[in-house]
Amino acid sequence: MKTTTFRKFLVVLPGTFLVYLLDACVMDYLPIFGVKGNLLIAFIAVVIVSGGKKAAFCVSALVGILTETMLGAVEGLYIIAYPILTMLWAQAFADRSDRQREKREMLHPNKPQEELPALLRIFLAAVLMTASMQIVLLVYVYLAGTEITMLHVTRAFFIVLLTGGLSVLIAFPVRMILGLYRRKKTLEEEGVHL
Numbered sequence: 002m003k004t005t006t007f008r009k010f011l012v013v014l015p016g017t018f019l020v021y022l023l024d025a026c027v028m029d030y031l032p033i034f035g036v037k038g039n040l041l042i043a044f045i046a047v048v049i050v051s052g053g054k055k056a057a058f059c060v061s062a063l064v065g066i067l068t069e070t071m072l073g074a075v076e077g078l079y080i081i082a083y084p085i086l087t088m089l090w091a092q093a094f095a096d097r098s099d100r101q102r103e104k105r106e107m108l109h110p111n112k113p114q115e116e117l118p119a120l121l122r123i124f125l126a127a128v129l130m131t132a133s134m135q136i137v138l139l140v141y142v143y144l145a146g147t148e149i150t151m152l153h154v155t156r157a158f159f160i161v162l163l164t165g166g167l168s169v170l171i172a173f174p175v176r177m178i179l180g181l182y183r184r185k186k187t188l189e190e191e192g193v194h195l
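The sequence shown begins at 2 in the working numbering and counts up by one.
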């Protein structure tokens, strides 16, 4: 494991426990329109973009284990769903290394290789991960014999929006703790424009 990856993991690990405790203990007291956003998925989305795929997988596996052991209503769902959804959406939204960018440029020389801004990728990752999880939960409810109503769909929609908003809200402090803004400032002082 590289030093920077190990450092990111050491920074993100305590944050994972803190976010889990906040989601389990505090978020129930902060509902909006009768629903609460998923702080865990919002945090995972920030880690996907800011920490990379390896750190995101470790965080999602830990979140899945913690959720499964403490809050799991459906046996085995969270321990499987969190890592799978994380790796699925990390393929689309994680930062690419210089080697990956060069490989893409060689494969597609006429196509520009610019990425979306980090904050937009964080929001999209959170929204799409939450939407995927809500679809899985709605399918489970339907298979358990409950008819899906418009209320179920509306609640799922608000959960998706709230989680996207939470991801943008926590993106700045998490990225600052990971040292991303400090590195950008240092590079700009050296004359490298990002």
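Note that the Cβ used here is the ideal one computed from N, Cα and C, for glycine as well.
With fewer than three CB-CB distances shorter than 8 Å, the segment 136-146 does not count as touching the segment 10-25. For V27, DSSP assigns no beta-bridge partner whatsoever. When the beta-carbon positions are compared, V75 and L120 stay at least 9 Å from each other. Here Y30 is exposed, its C-beta having fewer than 16 other C-beta atoms within 10 Å.
In the three-state reduction of the DSSP assignment, I123 falls in the helix class. Of the other Cβ atoms in all chains shown, fewer than 16 fall within 10 Å of the Cβ of F158; this residue is therefore exposed. Ranked by Cα distance from P174, the options A43, P32, D24, V36 are led by A43. Following the DSSP letters along the chain, one finds A172 inside the alpha helix (DSSP H) bounded by residues 151-178. Between M28 and G35, the C-beta spacing is not below 9 Å. Here I33 is bridged, per DSSP, to V36.
With respect to F94, K55 sits apart: the two C-beta atoms are not nearer than 9 Å. L86 and M151 do not touch by the CB rule: their CB atoms are close to 25 Å apart, not below 8 Å.
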